[in-house]
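First the structure, in the form of C-alpha cells, and then the observations on it.
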Amino acid sequence: MFKRIFYGLSFLVTFCIMAISMGGTGLAAYLTDIPEKYSSEINYLLDRKVITGYPDQTFRPEVNVTREEAATMIGRAMGLNGQQRTTSFSDVPQSSYASGYIQSAVEKGILTGYSDGTFRPENKMTRGEMAYLLKRAFNLSSTSYVFFSDVAKSGTQYTAINTVVTAGLANGYPDGSYRPNNPINRAEFAVLVARGLNPTYRVSSADLIPIGERIVTADSLNVRVGPGTEYKAIGSLPMNTKITIYYFHGDWVYFSYGSLKGFVHSAYLSAPNTKKKITIDPGHGGSDPGAIGNGIYEKELNLSVALKVKKILDQKGIQVVMTRTTDTSVSLQDRVKIGVDSGSDTFVSIHGNSNLDSSANGTETYYSIAGTNTRSESSKQLSSFIQNRLYKSLGTRNRGVKTAEFYVIYKNPLPAALIELGFISNSSDAQKLSSDYYRNQAAEAIAYGIVDYYNWKY
Ligand SMILES: [Zn+2]
1 MFKRIFYGLS
11 FLVTFCIMAI
21 SMGGTGLAAY
31 LTDIPEKYSS
41 EINYLLDRKV
51 ITGYPDQTFR
61 PEVNVTREEA
71 ATMIGRAMGL
81 NGQQRTTSFS
91 DVPQSSYASG
101 YIQSAVEKGI
111 LTGYSDGTFR
121 PENKMTRGEM
131 AYLLKRAFNL
141 SSTSYVFFSD
151 VAKSGTQYTA
161 INTVVTAGLA
171 NGYPDGSYRP
181 NNPINRAEFA
191 VLVARGLNPT
201 YRVSSADLIP
211 IGERIVTADS
221 LNVRVGPGTE
231 YKAIGSLPMN
241 TKITIYYFHG
251 DWVYFSYGSL
261 KGFVHSAYLS
271 APNTKKKITI
281 DPGHGGSDPG
291 AIGNGIYEKE
301 LNLSVALKVK
311 KILDQKGIQV
321 VMTRTTDTSV
331 SLQDRVKIGV
341 DSGSDTFVSI
351 HGNSNLDSSA
361 NGTETYYSIA
371 GTNTRSESSK
381 QLSSFIQNRL
391 YKSLGTRNRG
401 VKTAEFYVIY
411 KNPLPAALIE
421 LGFISNSSDA
431 QKLSSDYYRN
441 QAAEAIAYGI
451 VDYYNWKY
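If you number the sequence shown the way the UniProt record's numbering does, the last residue is 458 and the count never jumps.
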C-alpha cells in the first residue's frame, strides 16, 4: 500500500497551553487549558486517569517525558500493575514512585533496560524509543512504504517507526524527517497513547484492516470508547448484531457497525457460521481392550467418558462425531478417516494410562507437532485448555501437556489432542476412574476445555 511520505502538521510545536502530568492528582475539571485541537485525546486519557494534572494545576507541555514517566503513563494506559516493588534495575529502588510500572512494563516487553543493568529512569525518552514502546504496547506489526530522510531504511529502529506511522499513531515533519533522537514532550506523548488506545484519533486509519465478523451473543452489549469497563459507554448492541472487527486489545475488540465504532468485550461475541464439529475418539474397543488393571478395562472407561463428553457438547450446540459408540474394533486409520470425512474441524482421543510401576500416576494430554504451524499451534492450545481443567476436576497429579507421535494425533490433518485420563495401573487414580462421579467430572472438564478452545480459535 502506498503511504504518504509524511503527514502535514507536527503537533510538537502546537501546544501553547495545556495541563497534564504523570504524577499529580488534579481533577479533569480543573484542566481548563487543554488545547482545543487535542482536547478529545487528552480528555479521553483523563477519563481513565492515565493523565492527571499537577497539584498546583501547572501544565508544562513542553517538558520532556522521562523514561520513568513514560513507564508510568503507559502502565496506566495498559492497566499494568503499578504496585511499588523491587525491580530488576540497580537504579530503580522500590521506593521510586514508578518502580511498579517500570517492572511491569519490562516484564511485558514494552520497555527494556540497558546492558549494564540500569534503567536510567530520568533519561529523556526519544521519539525513536517511543516508537519501540508504542509498537510493543499496542502490538503493531503492519508496515508500509515509509521513508524518512533521517532514518536508515534498515535495522530495528526503522521497523518500529514504520509500524507506528503505518498504524497512524505518529507522523514525521513537513521536511520529510522523523527526528528519532529528539526528546518527546508530554503533550506529544499523550496524543500518541490516545491514538494507540483508540483508532478514531489516529492520523490515518487506512491501515485499519478488518480481521473478521462476529455476532453479538449478549442481550445488550455495551460499546465503550476504550478497552475497559472504566471507559464511558457510548451505546449498546442488541443480540445477534453482526459487527466487523479490527483488532484485539486484551479481552476487548475494536469494531465497527455502520457508523458506530468502539470497543466491546470479546466474551460476548461468536464467529458467524462457525461449524464447530468435533470428532471424539474413545481409544481401543472390541478385541483391543487397551490397558487392564484394578478392575478397569480401558476401552470401557474411554467409551464411558467419551459418551458423557458428547452429551455435554450436544447441549452446547457443538456437533459431535464418534469414532465408535459401542464396544467395537476400529482401526487407527479409520478413526482419523472418520474425523476427516465427517468434515470435523477438531479431533480428541480419550485414553487411560498404564505403567508397570504402579506408583506412576496423574493426568496428561498429548499433541503432535506434525503438519502446519497452524495445526500444531491449535493442537497445543486444545490440549492445554483440556489439561488445565481436567487434572483439577479429577484431583490428579498434573503431568502436563506433552508432545508425542501417536497415530491418531500424528497422522491427522485436524487439530488433535490425546488425553490420558489417569493411570489404570495406579490404585488411587483407578479408584477415581472407576467412579461415575469422577467420570462425569472428567467429561465436564474435557467438554469445557473444548469450548475454551473454540472460544480461543473463533
Ligand atoms: Zn489407550
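Glycine included, C-beta positions come from ideal geometry on N, C-alpha and C.
Beta-carbon contacts of residue i that lie in its chain and below 7 Å, excluding the five residues immediately before and after
| i | result |
| --- | --- |
| MET22 | Because the pLDDT at MET22 is just 38, under 50, the model does not fix this residue reliably, and the point stays unresolved. |
| ALA160 | ALA131, TYR132 and LYS135 |
| ALA137 | ILE74, MET78, ILE110 and GLY196 |
| PRO183 | ASN64, LYS124, MET125 and THR126 |
| SER344 | LYS277, ILE278, THR279, VAL321 and LEU414 |
| LEU308 | Just to set this straight, residue 308 is Lys in the shown sequence, not Leu. Taken in chain order, the residues that qualify are ARG439, ASN440 and ALA443. |
| THR118 | PHE89, SER90 and ASP91 |
| GLY250 | PRO227 |
| ASP357 | none |
For residue j and residue i, the rounded distance between their alpha carbons
| i | j | result |
| --- | --- | --- |
| ALA98 | THR86 | 11 Å |
| ARG335 | THR346 | 13 Å |
| ALA447 | SER270 | 18 Å |
| SER10 | GLU188 | At SER10 the pLDDT is 33, less than 50, meaning the model places this residue with poor confidence; the figure from the coordinates comes in the next sentence. Using only the alpha carbons, I get a separation of about 9 Å. |
| VAL50 | SER40 | 14 Å |
| LYS311 | ALA443 | 9 Å |
| GLY26 | ASP56 | Confidence in GLY26 is poor, its pLDDT being 39 and thus under 50, which makes the residue's placement unreliable; the coordinate value appears in the next sentence. Near 8 Å, if we compare the C-alpha coordinates of ASP56 and GLY26. |
| LEU421 | LYS316 | 22 Å |
| ASP33 | ARG48 | 19 Å |
| GLU62 | TYR173 | 17 Å |
| ARG120 | GLY100 | 15 Å |
| VAL330 | ILE338 | 10 Å |
| GLN333 | ARG375 | 19 Å |
| ILE409 | ASN373 | 14 Å |
| ALA84 | GLU122 | In the sequence on display, residue 84 carries Gln and not Ala. Spanning the two alpha carbons is a distance of roughly 17 Å. |
| ALA404 | LEU80 | 37 Å |
| GLN319 | PRO35 | 57 Å |
| ILE419 | VAL348 | 8 Å |
| ALA291 | ASP452 | 30 Å |
| SER266 | TRP252 | 5 Å |
Cutoff 6 Å; reference residue i; Cβ partners in own chain excluding five residues on either side
| i | result |
| --- | --- |
| MET322 | ILE280 |
| residue 467 | Nothing about residue 467 can be read from this structure; the chain reaches only from 1 to 458. |
| SER220 | SER236 |
| ASN222 | ALA233 and SER236 |
| ALA306 | ILE280, PRO282 and ILE350 |
| residue 478 | Residue 478 is absent from the model: the chain starts at 1 and stops at 458. |
| SER96 | none |
| ALA218 | TYR268 |
| THR14 | Unreliable placement is indicated for THR14, whose pLDDT of 28 sits below 50; no coordinate value is reported for it. |
| CYS16 | With a pLDDT of 26 at CYS16, under the threshold of 50, the predicted position of this residue should be treated as unreliable, though the coordinate-derived value follows. Cβ neighbours of CYS16 beyond the five flanking positions: none. |
| TYR297 | PRO289 |
Cβ-based neighbour list, residue i, same chain, cut-off 8 Å, excluding 5 preceding and 5 following
| i | result |
| --- | --- |
| ALA445 | ILE386, ARG389, LEU390, LYS392, SER393 and LEU394 |
| LYS261 | PRO199, THR200, TYR254 and PHE255 |
| VAL401 | GLU364, THR365, TYR366, TYR367, LYS380, SER383, SER384 and GLN387 |
Minimum Cβ-Cβ distance from residue i to chain C less than 9 Å
| i | result |
| --- | --- |
| GLU420 | Of the chains in the structure shown, none is chain C; there is only one protein chain. |
Residue i, buried or exposed, once every other Cβ within 10 Å from all chains shown has been counted against 16
| i | result |
| --- | --- |
| TYR114 | exposed |
| ILE450 | buried |
| LEU303 | buried |
| GLY283 | buried |
| PRO415 | buried |
| TYR437 | exposed |
| TRP456 | exposed |
| THR52 | buried |
| THR166 | buried |
| PRO227 | buried |
| GLU129 | buried |
| THR328 | exposed |
| ALA105 | buried |
| ILE211 | exposed |
| THR241 | buried |
| THR66 | buried |
| TYR454 | buried |
Paired residues, beta bridge with residue i - DSSP
| i | result |
| --- | --- |
| LEU169 | LEU169 is not bridged to any residue. |
| THR346 | ILE278 |
| HIS284 | Note: HIS284 sits in no beta bridge, so no partner. |
| VAL401 | THR365 |
| ARG179 | Note: ARG179 sits in no beta bridge, so no partner. |
| GLN319 | LYS277 |
| ILE292 | TYR297 |
| TYR257 | LEU260 |
| LEU221 | LEU237 |
| residue 523 | The chain is shown from 1 up to 458; residue 523 falls before or after that span and cannot be answered. |
| LEU418 | SER349 and TYR366 |
| ASN64 | ASN185 |
| PHE248 | VAL253 |
Assumed close pair residue i, residue j - CB separation to whole angstroms, cut-off 8 Å
| i | j | result |
| --- | --- | --- |
| VAL164 | TYR158 | With a Cβ gap of about 11 Å, VAL164 and TYR158 do not count as contacting. |
| SER354 | ILE245 | Actually they do not touch by this definition, with Cβ atoms about 46 Å apart. |
Any non-hydrogen atom of ligand 2 within 8 Å of residue i CB
| i | result |
| --- | --- |
| HIS351 | Among the ligands modelled here, namely ligand 1, ligand 2 does not occur. |
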